[in-house]
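This report concerns only the one structure given below.
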Amino acid sequence: MRCRYKGKLTKKNIAQWKKNVIASNKARKKNKENAENTNFIELSGRRLVDLKLLDNELWCKPCKQALRLRNSVNELKNGLASTFQVKCEDVGGKPRITKSQKIIDSLCTKLGLILSDSCLTAS
């Protein structure tokens, strides 16, 4: 079946495919602009860091790209634990959350510290 696309005769499925490509390109451009307008926070200070956990968690699962701490959107501090929300540069969308609760649990076990549960809970 034939239809017109930009004044030219073309097959209906090809015209629909071209419209879908244009729509997806517009959506991708809009997502990229939204990602550029995100207000990132500046991280400062010192933290206890488990390098193995940090290495495992700072990867975006969908696009297999490394995440950067400079793209942090939010940080929640609760006692010794920090919860970072890090936004992926390629995917954009919802920020990825990296938690440090495992670090605190293992640290307290190794050092034999007794801290209240309210001090250790990370959202």
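Take the position in the sequence shown, starting the count at 1, then add 105; the result is the number in my numbering.
For each residue, glycine too, the CB sits at the ideal point set by N, CA and C.
- Item | Buried versus exposed call for ALA171 [16 or more other C-beta atoms within 10 Å across all chains shown] | One-based indexing of the sequence shown puts residue 171 at position 66. Exposed, since its Cβ has fewer than 16 Cβ neighbours within 10 Å.
- Query: Roughly how many whole angstroms lie between the Cα atoms of LYS137 and ILE119?
  - Reply: As a working note, residue 137 is residue 32 in the sequence shown. As a working note, residue 119 is residue 14 in the sequence shown. Their Cα atoms are separated by approximately 27 Å.
- With respect to the beta strand (DSSP E) encompassing GLU180, which residues constitute its N-terminal and C-terminal limits? Here residue 180 refers to the residue found at position 75 when the sequence shown is read from its first residue. That run of the beta strand (DSSP E) goes 177–183.
- Taking C-alpha atoms, which residue in ASN125, LEU158, LEU163 lies nearest to ARG175? Working through the sequence shown from its first residue, we reach residue 175 at position 70. The option with the nearest alpha carbon to ARG175 is LEU163.
- Task: Output the distance between the C-alpha atoms of LEU114 and GLN121, rounded to the nearest integer angstrom.
- Result: Locating residue 114 in the sequence shown gives position 9, where the first residue counts as 1. Locating residue 121 in the sequence shown gives position 16, where the first residue counts as 1. Taking the straight line joining both Cα atoms gives about 13 Å.
- Query: For SER149, which three-state DSSP category applies?
  - Reply: Here residue 149 corresponds to residue number 44 of the sequence shown, with the count starting at 1. Looking at SER149 - three-state DSSP - the assignment turns out to be coil, as it is neither helix nor strand.
- Item | Nearest residue (CA-CA) to PHE189, options LEU148, ALA128, LYS111 | As a first step, residue 189 is located in the sequence shown; it is residue number 84 there, counting from the start. Answer by Cα proximity: LEU148.
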